[in-house]
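2 protein chains.
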Amino acid sequence: VIEVLKVNKSYTMGQEKLHVLKNVSFTVQKGDLLALTGPSGSGKSTLMNILGCLDSIDNGDYLLDGTSVLKRNANQLADIRSKNIGFVFQNFSLLSRMSALENVELPLLYSETKNSKKKAMEALDIVGLSDRMKHEPNQLSGGQRQRVAIARAIVNDPALILADEPTGNLDSKTGLEIIDLFHRLNKEGRTIIVVTHEQDVANECHRQLHMLDGVLQKEFFKKRK
Amino acid sequence: VIEVLKVNKSYTMGQEKLHVLKNVSFTVQKGDLLALTGPSGSGKSTLMNILGCLDSIDNGDYLLDGTSVLKRNANQLADIRSKNIGFVFQNFSLLSRMSALENVELPLLYSETKNSKKKAMEALDIVGLSDRMKHEPNQLSGGQRQRVAIARAIVNDPALILADEPTGNLDSKTGLEIIDLFHRLNKEGRTIIVVTHEQDVANECHRQLHMLDGVLQKEFFKKRK
Ligand SMILES: Nc1ncnc2c1ncn2[C@@H]1O[C@H](COP(=O)(O)OP(=O)(O)OP(=O)(O)O)[C@@H](O)[C@H]1O
Ligand SMILES: Nc1ncnc2c1ncn2[C@@H]1O[C@H](COP(=O)(O)OP(=O)(O)OP(=O)(O)O)[C@@H](O)[C@H]1O
Ligand SMILES: [Mg+2]
Ligand SMILES: [Mg+2]
Chain A
1 VIEVLKVNKS YTMGQEKLHV LKNVSFTVQK GDLLALTGPS GSGKSTLMNI LGCLDSIDNG
61 DYLLDGTSVL KRNANQLADI RSKNIGFVFQ NFSLLSRMSA LENVELPLLY SETKNSKKKA
121 MEALDIVGLS DRMKHEPNQL SGGQRQRVAI ARAIVNDPAL ILADEPTGNL DSKTGLEIID
181 LFHRLNKEGR TIIVVTHEQD VANECHRQLH MLDGVLQKEF FKKRK
Chain B
226 VIEVLKVNKS YTMGQEKLHV LKNVSFTVQK GDLLALTGPS GSGKSTLMNI LGCLDSIDNG
286 DYLLDGTSVL KRNANQLADI RSKNIGFVFQ NFSLLSRMSA LENVELPLLY SETKNSKKKA
346 MEALDIVGLS DRMKHEPNQL SGGQRQRVAI ARAIVNDPAL ILADEPTGNL DSKTGLEIID
406 LFHRLNKEGR TIIVVTHEQD VANECHRQLH MLDGVLQKEF FKKRK
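Which chain is which? The protein sequence lines are A and B, in order.
Counting along the first sequence from 1, when you hit position 134 you're at 134 in the working numbering, and nothing is skipped either side.
To convert a position in the second sequence, counted from 1, into the working numbering, add 225.
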């Protein structure tokens, strides 16, 4: 379960201070499938990086399964990330000198999981890239790189998946296959938060949170699928 | 005017040869606004890189304003790119150590255009980023980086604009502003080719070419807007 309590986050650049997240509060239950929408620059990725324990907050609190992340040290946060959270980065963040397979296998090596190569191949097969395993990122199309990033995020069977614009570079058919994948993973009990600017992707989620200029809007509740 | 004649392009990786563009032929008239669509991995960016004189072809021909690019040397191609073509890269290709303003100003410095700073500021203002001019790419959101890439492509008033997925990271409202911008530039007589996987962006164009597995499909002609 995720509890975000009055989180504020600012970036300081020289004299300028940008207040990007303003008193953001919301709760996510285990097994939710939630869309986070909002204009470009509204603070979605900044919030996702905090949820993924990749960035700090200025004030407020963030509880993951009841424990505040402020009470955990860097090693504990790294441990939580590698075991429980799968993160799809908006800019993919693939390692350029490694093949698609090696990129997807990396989280399994960190968490010392067995059969890492076989699991990485299965994840690439699920996103439709079993014929591109040996390609390095610069030998792949934009949407193929994005799908490698998705495969890497799901390979470790995480309890929480945070996907930042996972279909931005995909055509509708391939994009729907990824949404179907998220539905399947969600039915297995995984909690999923998807940042998207495509309304038909947001409509596929159970809940939708909308961000405007760092302020979370009143939630428009949807019926469960 | 662009004439693509039976272009073939393959990538060789070790023992494997990937035939990515297969006998691609089409013509674009001056002042056309054309959408290029197709599934992820179908060859759109590969074709765009050839049109932008950034990549070579294996056989066939590509005539730009009546002259084959095969007959031009590297200096001439660089000259054509800097003066006549604006390219929006799918992965933005911004220089990380330079501010948004410096990134947009760069093409003007190459072509020794006057008032480069003022023109760069105007281009950033057109894409809605006049309050982010001093930010470096890693201090910008995904969609903001994409808009800096668009500003850089238009700053030199190019006759031909090649935009590879220019709205992939933008919310609908910001995306429509970019499409409106392309409409305005097209009405001024510029030729524009947009790769997109968003059907409503493709519908805003005069023509639509669809790529499937490296083969250009029969064109579905639309009435002029
Ligand atoms: N440098 C390379 N070496 C080997 N294969 C490559 C290389 N670059 C691209 N490819 C392959 O060529 C095919 C076409 O790639 P391209 O980037 O043109 O696709 P695309 O239509 O732009 O896809 P997307 O919509 O995902 O961006 C892909 O299957 C890709 O794996
Ligand atoms: N490191 C940084 N330093 C300064 N400002 C930053 C930094 N990172 C982001 N910003 C600013 O914070 C704001 C929010 O950025 P964020 O990436 O969260 O937006 P977003 O909602 O994900 O946008 P998009 O949909 O375009 O990806 C933006 O206006 C951006 O310019
Ligand atoms: Mg973002
Ligand atoms: Mg592409």
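Backbone N, C-alpha and C define an ideal beta-carbon position, used for all residues, glycine too.
If you're wondering where the values come from, they're calculated on a predicted model, not measured in any experiment.
At a threshold of 6 Å, does residue i count as lining ligand 3 (C-beta to nearest heavy atom)?
i                 : result
Lys30 of chain A  : no
Lys398 of chain B : no
Gly367 of chain B : yes
Gln199 of chain A : no
Gln90 of chain A  : yes
Which same chain residues end up closer than 7 Å to residue i when comparing Cβ atoms and leaving out the 5 residues on each side of it in sequence?
i                 : result
His342 of chain B : Checking the displayed sequence, the identity of residue 342 of chain B turns out to be Lys instead of His. Glu330.
Gly367 of chain B : Asn394
Gly239 of chain B : none
Val229 of chain B : Val249, Ser250, Phe251 and Tyr287
Asn340 of chain B : none
Thr12 of chain A  : none
Ser235 of chain B : Lys242, Leu243, His244, Val245 and Asp283
Applying a beta-carbon distance threshold of less than 7 Å, which residues of chain C neighbour residue i?
i                 : result
Gly266 of chain B : Included in the structure are the protein chains A and B, with no chain C among them.
Return the chain-ordered list of same chain residues with a C-beta closer than 8 Å to the C-beta of residue i, the five sequence neighbours on each side being excluded.
i                 : result
Met133 of chain A : Ser99, Ala100, Leu101, Met121 and Leu124
Leu216 of chain A : Val24, Ser25, Phe26, Leu209 and His210
Tyr335 of chain B : Ser307
Gln90 of chain A  : Ser45, Asp164, Glu165, Gly168 and Val195
Ile154 of chain A : Gly86, Ala123, Ile126, Ile161, Leu181 and Leu185
Thinking C-beta only, is residue j closer than 7 Å to residue i?
i                 : j                 : result
Cys53 of chain A  : Arg97 of chain A  : no
Leu18 of chain A  : Asn8 of chain A   : no
Glu204 of chain A : Ile178 of chain A : no
Pro158 of chain A : Gly66 of chain A  : no
Pro391 of chain B : Ile417 of chain B : no
Lys119 of chain A : Leu108 of chain A : yes
Glu444 of chain B : Leu434 of chain B : yes
Asn103 of chain A : Arg147 of chain A : no
Ser265 of chain B : Thr174 of chain A : yes
Gln29 of chain A  : Val69 of chain A  : no
Leu437 of chain B : Gly263 of chain B : yes
Asp55 of chain A  : Asn49 of chain A  : yes
Ala35 of chain A  : Ala202 of chain A : yes
Would you check whether ligand 4 has a heavy atom nearer than 6 Å to the C-beta of residue i?
i                 : result
Lys344 of chain B : no
Lys234 of chain B : no
Gln208 of chain A : no
Gln371 of chain B : no
Gln15 of chain A  : no
Suppose the cutoff is 6 Å on Cβ atoms and the five residues either side in sequence are ignored; what does the same chain contact list for residue i look like?
i                 : result
Leu137 of chain A : Checking the sequence shown, residue 137 of chain A turns out to be Pro, not Leu. Leu94, Ser96 and Arg145.
Ala163 of chain A : Val88 and Val194
Leu258 of chain B : Asn411, Ile417, Cys430 and His431
Arg189 of chain A : Arg is not the amino acid found at residue 189 of chain A; the sequence shown has Gly there. Here the set comprises Gly31.
Considering just the uninterrupted stretch of the beta strand (DSSP E) at residue i, what are its terminal residues?
i                 : result
Val419 of chain B : Thr416 to Val420
Arg432 of chain B : Arg432 to Leu437
Ser10 of chain A  : Ile2 to Met13
Lys242 of chain B : Glu241 to Val253
Leu320 of chain B : Unbroken run through Leu320 of chain B: none, as it is neither H nor E.
Gly263 of chain B : Careful: Gly263 of chain B lies outside any beta strand (DSSP E) and carries neither H nor E.
Leu354 of chain B : Careful: Leu354 of chain B lies outside any beta strand (DSSP E) and carries neither H nor E.
Gly285 of chain B : Asn284 to Leu289
Starting from residue i, trace the alpha helix (DSSP H) in both directions and tell me its first and last residue.
i                 : result
Arg172 of chain A : The question names Arg, but residue 172 of chain A is Ser in the sequence shown. From DSSP, the alpha helix (DSSP H) with Ser172 of chain A extends over Ser172 to Lys187.
Val426 of chain B : Gln424 to Ala427
Lys117 of chain A : Ser116 to Ile126
Ser48 of chain A  : At residue 48 of chain A the sequence reads Met, which differs from the Ser that was named. Its alpha helix (DSSP H) spans residues Lys44 to Leu51.
Ala388 of chain B : No alpha helix (DSSP H) contains Ala388 of chain B, which is instead part of the beta strand (DSSP E) from Leu385 to Asp389.
Asp79 of chain A  : Ala74 to Asn84
Gly368 of chain B : Gly367 to Ile379
Asn328 of chain B : Ala325 to Tyr335
Cβ of residue i within 6 Å of any heavy atom in ligand 2?
i                 : result
Gln364 of chain B : yes
Lys44 of chain A  : yes
Ser93 of chain A  : no
Val352 of chain B : no
**Item:** Members of the region 165-184 of chain A near chain B, C-beta cut-off 7 Å
**Value:** Glu165, Gly168, Asn169, Leu170, Asp171, Ser172, Lys173 and Thr174
**Message:** Closer than 7 Å between beta carbons: that is the criterion. Which residues of the region 88-108 of chain A meet it against chain B?
**Reply:** Answer in chain order: Gln90 and Asn91.
**Within 9 Å of chain A by C-beta, residues of the region 409-440 of chain B in sequence order** = Flagged, chain order: His422, Glu423 and Gln424.
**Message:** By the 7 Å beta-carbon criterion, what residues does the region 238-254 of chain B contribute toward chain A?
**Reply:** Flagged, chain order: Met238.
**Asked** Just by C-beta distance, which residues in the region 274-296 of chain B are closer than 8 Å to chain A?
**Response** The region 274-296 of chain B vs chain A, Cβ under 8 Å: nothing.
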